[in-house]
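Note that the UniProt record's numbering gives residue 98 to position 98 of the sequence shown, counting from 1, and the numbers run on in steps of one. The C-beta atom is built at its ideal place from N, Cα and C for all residues, glycine as well. Owing to the predicted nature of the structure, the values given are computational and were not obtained by experimental measurement. In what follows, a structure is listed as structure tokens, so that the remarks can point back to it.
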Amino acid sequence: MGQKILVVDDEKPIVDILKYNLAKEGYEVIAAYDGEEAIEVAFSQNPNLILLDVMLPKQDGFQVCKKLREKLACPIIMLTAKGEEVDKVLGLELGADDYVTKPFGMRELMARIKANLRRLTLSNPVEEQKLLKVKDLEIDLASFQVRKKGNTLELTFREFELLKFLAAQPGQVFSREKLLEEVWGYEYYGDIRTVDVTIRRLREKIEDDPSNPSYIKTKRGVGYYFNRN
């Protein structure tokens, strides 16, 4: 079977449609229909990617996402019927990698899924044995781990990818649009808040003082860069 995708939605017709289209693309599909079941299935099945609806019975998608991030680093794409910015930002703050607003086009959703899975595959090279060291920070490209002063930090897949990309090119300033293209693997349509939220989460984990960062710097009006000094 192909890579495993967990679909979480309380509307069975939507789950069935997603199952059918994902299976056609060669993915192994498992499903959950409420928040509690989603957590149980995710931890037991360890999927490669999770499609997570926001409006769920028992526990909503935000609660589920927060709990999943305690143990899983796989990409999480949130499905939301709400187009409000606050909902999108909240999902990203809790560790989601991406979001798609309902009603969504199947072609767009498949492109997002493939981009996230492609990045996941590329981030786990078998032969790669590289270690980036910057001050107290160690970025292990082979084991998908980040350590600070010897302590392992819990980063999501997207946070790790963003840190790796910036650290590999220190001093080079990247716009939000360029980071979306390079790290997320596809073009967003005008919404660059995703980068800001992920940068903020990343700073909270790697910086001694997130409000005065020493690793990931902001070039006002331009974008972000990694500081090796």
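I believe residue 77 touches residue 97 by the beta-carbon criterion, under 8 Å. Please report the beta-carbon distance rounded to the nearest angstrom.
The count along the sequence shown starts at 1 and reaches residue 77 at position 77. The count along the sequence shown starts at 1 and reaches residue 97 at position 97. Right, their Cβ atoms sit about 7 Å apart.
Could you check how far apart the C-beta atoms of residue 39 and residue 74 are, in whole angstroms? I think they sit under 8 Å.
As a working mapping, residue 39 is identified with position 39 in the sequence shown. As a working mapping, residue 74 is identified with position 74 in the sequence shown. At roughly 14 Å, the Cβ-Cβ gap does not stay under 8 Å, so residue 39 and residue 74 are not in contact.
Residue 175 to residue 88, Cα distance in whole Å?
The sequence position of residue 175 within the sequence shown is 175, counting from 1. The sequence position of residue 88 within the sequence shown is 88, counting from 1. Answer to the nearest angstrom: the Cα atoms are 21 Å apart.
Using CA atoms only, rank isn't needed, just tell me which of 160, 20, 140 and 168 is closest to residue 205.
Within the sequence shown, the letter at position 205 stands for residue 205. Per the Cα distances, 160.
Which full runs of the alpha helix (DSSP H) of 4+ residues lie inside the UniProt domain "Response regulatory" (4-117), going along the chain?
Correct list: 12-24, 35-45, 61-68 and 85-93.
Which residues in the same chain have their Cβ closer than 6 Å to the Cβ of residue 217, if we skip the five residues on either side of it in sequence?
For the purposes of this step, residue 217 is taken as residue 217 along the sequence shown, with counting starting at 1. Take residue 217, set aside five residues on each side of it, and the residues of its chain with a beta-carbon closer than 6 Å to its own are 225 and 227, in chain order.
Do residue 102 and residue 115 have their C-beta atoms closer together than 7 Å?
Taking the sequence shown and counting its residues from 1, the one referred to as residue 102 is at position 102. Taking the sequence shown and counting its residues from 1, the one referred to as residue 115 is at position 115. Taking 7 Å as the Cβ cut-off, residue 102 and residue 115 do not qualify as a contacting pair.
Compare the Cα-Cα distances from residue 60 to each of 9, 69 and 30 and report the closest residue.
Taking the first residue of the sequence shown as position 1, residue 60 is located at position 60. Of 9, 69 and 30, the residue nearest in Cα terms is 9.
Does the ligand MN have even one heavy atom less than 6 Å from the beta-carbon of residue 108?
With respect to small molecules bound, the structure shown includes none, and the ligand MN cannot be examined in it.
Determine the DSSP secondary structure at residue 192, reduced to helix, strand or coil.
What you label residue 192 is simply residue 192 of the sequence shown in a count that begins at 1. Coil, per DSSP.
Per DSSP, residue 137 forms a beta bridge with which residues?
For the purposes of this step, residue 137 is identified with residue 137 of the sequence shown, where counting begins at 1. Its beta-bridge partners are 134 and 148.
Considering just the uninterrupted stretch of the beta strand (DSSP E) at residue 226, what are its terminal residues?
The sequence position of residue 226 within the sequence shown is 226, counting from 1. First-last of the beta strand (DSSP E) with residue 226: 223-226.
Residue range of the alpha helix (DSSP H) that residue 167 falls in?
Indexing the sequence shown from 1 puts residue 167 at position 167. It spans 157-167 - the alpha helix (DSSP H) in which residue 167 sits, taken as one unbroken run.
Less than 7 Å separating the beta-carbons of residue 35 and residue 15?
Stepping through the sequence shown from its first residue, residue 35 is reached at position 35. Stepping through the sequence shown from its first residue, residue 15 is reached at position 15. Contact: no.
Could you compute how far the alpha carbon of residue 130 sits from the alpha carbon of residue 153?
Counting from 1 along the sequence shown, the entry for residue 130 is found at position 130. Counting from 1 along the sequence shown, the entry for residue 153 is found at position 153. Distance from the CA atom of residue 130 to the CA atom of residue 153, rounded to whole angstroms, is 18 Å.
Alpha helix (DSSP H) containing residue 179: first to last residue?
For this step, residue 179 is matched to residue 179 along the sequence shown. Here the alpha helix (DSSP H) through residue 179 covers 176-179.
Just checking my contact of residue 90 with residue 62 at CB under 8 Å: how many whole Å lie between their CB atoms?
Sequence index remark: in the sequence shown, residue 90 carries index 90 (1-based). Sequence index remark: in the sequence shown, residue 62 carries index 62 (1-based). Residue 90 to residue 62, Cβ: 6 Å. Contact.
If I measure Cβ to Cβ from residue 127 and keep anything under 6 Å in the same chain, skipping five residues before and after, which residues do I get?
By 1-based counting over the sequence shown, the position of residue 127 is 127. Because the pLDDT at residue 127 is just 40, under 50, the model does not fix this residue reliably, and the point stays unresolved.
Please identify the residue among 136, 133 and 156 whose C-alpha is closest to the C-alpha of residue 144.
What you label residue 144 is simply residue 144 of the sequence shown in a count that begins at 1. Per the Cα distances, 156.
Are the CB atoms of residue 57 and residue 5 within a distance shorter than 7 Å?
Along the sequence shown, one-based indexing puts residue 5 at 5. Along the sequence shown, one-based indexing puts residue 57 at 57. Not closer than 7 Å, so no.
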